[in-house]
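Engineer: Just so we're on the same page, our numbering is the position in the sequence shown counted from 1, plus 179.
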Amino acid sequence: MPQYRSQTSTHGRNMAGARALWRATGVADSDFGKPIIAIANSFTQFVPGHVHLHDIGQLVAREIERSGGIAKEFNTIAVDDGIAMGHEGMLYSLPSRDLIADSVEYMVNAHCADALVCISNCDKITPGMLMASMRLNIPTIFVSGGPMEAGKIIATTNGEQQIRKLDLIDAMIEAGNDKISDETVAQVERSACPTCGSCSGMFTANSMNCLTEALGLSLPGNGSLLATHALRKELFLEAGRHIVELAKRYYEQDDSSVLPRSIATKAAFNNAMSLDIAMGGSTNTVLHLLAAATEAGVNFKMADIDQLS
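This is how it looks when you write it as structure tokens:
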């Protein structure tokens with residue numbers, strides 16, 4: 180039977196100092212012995228896909244504690260690829276994925292957390308946390324911030340007014356077209372990204388959040404429920420409840436089937452890539468799935484992707 184990892188720092192006479200520090204974070208006598216669940220939250224005010232995640236982290240934490248766990252939240256960085264695009268900022272995007280993977284690994288292992296909830300959303304954040312989850316191989320659930328609502332404007336076509344749906348790419352394309360008036364560009368710019376959430380469209384963020392479902396690491400609806408949808412709250416609450424259940428199944432029932440490497444098998448990676456191909460998702464998923472498979476020790480290669488496509 181595996182022992183709770185957290186007992187390394189919460190049990191034994193020699194851990195009196197560590198327990199004193201745990202107590203200073205709010206851990207009570209009755210809490211020692213409960214699973215410590217790390218919440219890796221990528222909240223930042225720089226990225227529309229992440230601006231709403233602060234309160235979500237607290238929502239998940241409270242549900243973990245109601246379900247019998249100890250919730251301890253930390254944050255990672257998050258780069259907005261759209262804001263970083265077109266200048267030297269883009270040089271930092273892909274390396275940030277590996278920095279996120281490292282930071283999640285460091286925080287979880289340094290503090291001997293028993294399980295992990297990954298609150299991610301945008302382009303390099305979900306892949307970075309996915310890589311970390313494979314390295315750590317402790318019970319893990321992904322729950323993303325959800326997609327942005329589509330933008331829209333009233334456009335006149337052949338003398339008729341029609342509703343035109345928009346996304347971030349429309350703003351970029353129209354701005355680069357000299358035949359489009361400044362007024363139209365300004366209208367599109369103000370309407371393309373109307374809410375919080377990952378950019379509407381099958382770009383990297385929404386694709387990867389769907390693929391975590393296909394891999395078996397997130398709950399149904401993770402990749403498709405809008406950030407502003409009322410049912411999204413229930414998804415966060417269920418993640419908080421379910422991660423405590425997974426932790427107890429592994430540590431108290433010796434059920435290793437709940438571990439990320441047991442779930443994300445070669446068949447699961449094939450399934451995820453097949454989904455991406457079927458839904459016309461981002462080709463960047465190739466880069467990220469290969470990296471995650473390497474971390475998981477799964478022999479998933481470009482040749483497999485060629486065969487699937």
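No residue lacks a Cβ here, since even glycine has one placed at the ideal position from N, Cα and C.
1) Give the range of the beta strand (DSSP E) segment to which C297 is assigned.
2) So, for Q497: in the same chain, excluding its five sequence neighbours on each side, which residues have a beta-carbon less than 7 Å away from its beta-carbon?
3) Alpha carbon to alpha carbon, how far is K412 from S435?
4) Report buried or exposed for R202, applying the criterion of at least 16 other Cβ atoms within 10 angstroms of its Cβ.
5) I'd like the list of long-range same chain contacts for Q366, defined as Cβ closer than 6 Å, with 5 residues on each side in sequence excluded.
6) If N385 sits next to S397, beta carbons under 8 Å apart, how far is it from one beta carbon to the other, in whole angstroms?
7) Please confirm if the segment 305 to 318 is in contact with the segment 414 to 429, defined as three or more CB-CB distances below 8 Å between the two stretches.
8) Tell me the DSSP secondary structure of N220 in three-state form.
9) Quick check on I352: buried or exposed, where buried means 16 or more other Cβ atoms within 10 Å of its Cβ?
10) Please work out which residues of its chain come closer than 7 Å, Cβ to Cβ, to A451, disregarding the five sequence neighbours upstream and downstream, and give them in chain order.
11) Can you pull the DSSP bridge partners for F415?
12) Closest by CA to A334, which one among I359, G191, I304 and N193?
13) Going by C-alpha distance, which of N254, L200 and L454 is nearest D281?
14) In the DSSP assignment, what are the bridge partners of E252?
15) Could you spell out where the alpha helix (DSSP H) holding F448 opens and where it closes?
16) Whole-angstrom Cβ separation of V477 and T444, contact assumed at under 8 Å?
17) Using a threshold of 8 Å, state whether the C-beta atoms of I216 and G248 are closer than that.
Structural biologist: This is what the structure gives:
1) A294 to I298
2) Limits of the chain in this structure are 180 at one end and 488 at the other, which puts residue 497 out of reach.
3) 29 Å
4) exposed
5) I332
6) Incorrect: roughly 13 Å between the Cβ atoms, too far for contact.
7) yes
8) strand
9) exposed
10) L390, A393, L394 and L468
11) F415 pairs with nothing; no bridge assigned.
12) I359
13) N254
14) I218
15) K445 to M458
16) 7 Å
17) yes
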